[in-house]
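Below is one structure, written out as structure tokens; the observations come after it.
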Amino acid sequence: MPHLQRRELIQGSAALAAIAAFHASRAYSFPTRSGEEVVKWTDQLPPNPVPEVIKNQLVWEDLDSWVTPNDKFFSIAHFNRPVIDESAWKLEIGGLVKKPMALTLADIKARLRQEVTFTVECSGNTGLPFFNGGIGNARWAGTPLAPILKEAGVLDSGIEVVFWAADEGEIKRADDVTFKQNFARSMSLADAMDPKNILCYEMNGTTLPPDNGFPVRLIAPGWYGVANAKWLKRIEVRDQRFENRFMGRDYVTLREEDHNGETVWVETSVGRARLKSAPARVTHIGSDYRIVGAAWGAPIDRVEVKIDDGPWMQATVDGTEEAEFAWKMWSLDWPKPSTGEHTVTSRAIDKSGNIQPAMSDPWIAKKHTYWESNGQVTRRIQVS
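Residue numbers (UniProt numbering): 1 to 384.
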């Protein structure tokens, strides 16, 4: 910018700083009231029986920011949690490509930087009695995946992209064959080429934490957490659909479907996130109560809340954050509730008119696995 004068540079820098400060303040907006006290839910979770697998579940009553801090962000480990030496690490790009590549972290960071704010939810969240905090919202930064695949030159026969991770464990099949395998997930070439997908190395402005995939993970906005493979080591293009434990046996949803009066059992692999909401916490100032929650999984039009068996009431959805793939915060004032135990249920409605299903809806009631449990969440609270 040689033609800019010093004064213009100073003014421009000040403007940029002001914009950055504005965005930083917006990123932590949250519907709170000065002096409010949080009322604990009475239906607290039982102890987590697999703390080595599930870390840092979100405590809903503690939710107080739009962005989830790194030290409070949940993580799932399907095998081990690998410790990776950055200086020795490289990401291989291979399979059915014209130009195989091996990228260092410095190579990846030297490429175009792209950010996305994305709420990641584990597809098993709220599907198990001890698990309702497998969710968090973060600002992820990295480089777009599509240009790298284009540079590698995918062959015409390539239809599937597999993301191999560094974590590994022993698999024992039903036929008694035992073998060691790395975690891996795949998606079609068309899905992998989505310009929103990034090879992520940064989370909330800092280096990606070890539990969340250091040095590089896939961030695929709009997909359940399992598709956002952590600890990447290789990206491979193949000419067949990929089936492994995490595509064809585990993370498979089983549902009964009705076809002309006949029940058909259908198995589908977990993929894109589904419309969902949940009450997060109840606060009060004196006898004036407020219910606050979040909605995600699709572009949110509105959220409705039901107390006990009462009518659905429209909540106020916070409009300060317009990130396409991030959760929306909502709130409902609840003045002078009666003493005793109450239930609080929420449902989200997306911009296409889809309604988050009730637990009695066949979409949920006829589902026989805990994956993709996006039914309406009901919490219990005691008002004294």
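Backbone N, C-alpha and C define an ideal beta-carbon position, used for all residues, glycine too. These numbers come from a predicted model, not from an experiment.
- Exposed is the label assigned to Ile-355, since fewer than 16 other Cβ atoms lie within 10 Å of its Cβ.
- Contact holds between the segment 321–335 and the segment 270–289, because three or more Cβ pairs, one in each stretch, are under 8 Å apart.
- Asn-48 is bridged by DSSP to nothing; it lacks a bridge partner.
- Distance from His-78 to Asp-167 at the Cβ level is roughly 7 Å; contact confirmed, criterion being Cβ atoms closer than 8 Å.
- Listed in chain order, the alpha helix (DSSP H) elements of length 4 or more contained wholly in the segment 75–142 are 105–109.
- Between Ala-227 and Met-187, the C-beta spacing is below 8 Å.
- For Glu-262, the enclosing beta strand (DSSP E) starts and ends at 262–269.
- Here Pro-362 carries a helix assignment [DSSP, helix/strand/coil].
- Put simply, the backbone Cα of Ser-346 is about 15 Å away from that of Trp-41.
- Given a length threshold of 3 residues, each whole run of the beta strand (DSSP E) inside the segment 185–251 is given here in chain order: 198–203, 217–219, 232–238.
- A residue is called buried when at least 16 other Cβ atoms come within 10 angstroms of its Cβ; Phe-130 does not meet this threshold and is exposed.
- Taking the Cα positions, Gly-169 is about 23 Å away from Gly-271.
- Note: Asp-350 is bridge-paired with Ile-300 in the DSSP secondary-structure output.
- Counting only residues of its own chain and dropping the five nearest sequence neighbours on each side, Arg-241 has a CB closer than 6 Å to the CB of Glu-160.
- The straight-line gap separating the alpha-carbon atoms of Gly-213 and Ser-123 is approximately 18 Å.
- For Glu-341, the secondary structure class from DSSP, reduced to helix, strand or coil, is strand.
- Annotated as proximal: Met-329 and Phe-30, with beta-carbon spacing under 8 Å.
- When DSSP states are grouped into helix, strand and coil, Glu-61 belongs to the helix group.
- Of all alpha-carbon atoms in Glu-92, Phe-118, Thr-117, the one lying nearest the alpha-carbon of Ile-108 is that of Glu-92.
- Here Lys-306 has Trp-312, Thr-345 as same chain residues with Cβ atoms under 6 Å from its own Cβ, once five neighbours each way along the sequence are excluded.
- At a Cβ-Cβ threshold of 8 Å, Gly-222 and Ala-280 do not count as neighbours.
- In this structure, Ala-229 sits near Phe-183, with a CB-CB distance shorter than 8 Å.
- DSSP places Leu-332 within a strand segment (E or B) once states are collapsed to three.
- Per DSSP, the beta bridge partners of Asp-258 are Thr-263.
- If you ignore the 5 residues before and after Glu-324, its C-beta comes within less than 8 Å of the C-beta of Pro-221, Pro-299, all in its own chain and listed in chain order.
- The DSSP-derived three-state label of Glu-36 is coil.
- Between the C-alpha atoms of Asp-350 and Asn-70 there is a straight-line separation of about 28 Å.
- Residue pairing by DSSP places Phe-325 opposite Phe-118 in a beta bridge.
- In the DSSP assignment, Pro-279 falls outside any alpha helix (DSSP H) and within the unbroken beta strand (DSSP E) covering 276–285.
- In the three-state reduction of the DSSP assignment, Asn-70 falls in the helix class, which pools H, G and I.
- With 16 or more other Cβ atoms from the protein chains shown falling within 10 Å of its own Cβ, Leu-103 counts as buried.
- Sorting Ala-106, Lys-55, Gly-95 by C-alpha distance to the C-alpha of Arg-81 places Lys-55 at the top.
- Among the bridge pairs identified by DSSP, Lys-367 is matched with Arg-255.
- Distance from the CA of Leu-45 to the CA of Thr-206, rounded to the nearest whole angstrom, comes to 31 Å.
- Contact check for Pro-215 against Tyr-201 passes: the beta carbons are separated by less than 8 Å.
- DSSP places Ala-165 inside the beta strand (DSSP E), whose first and last residues are 160–172.
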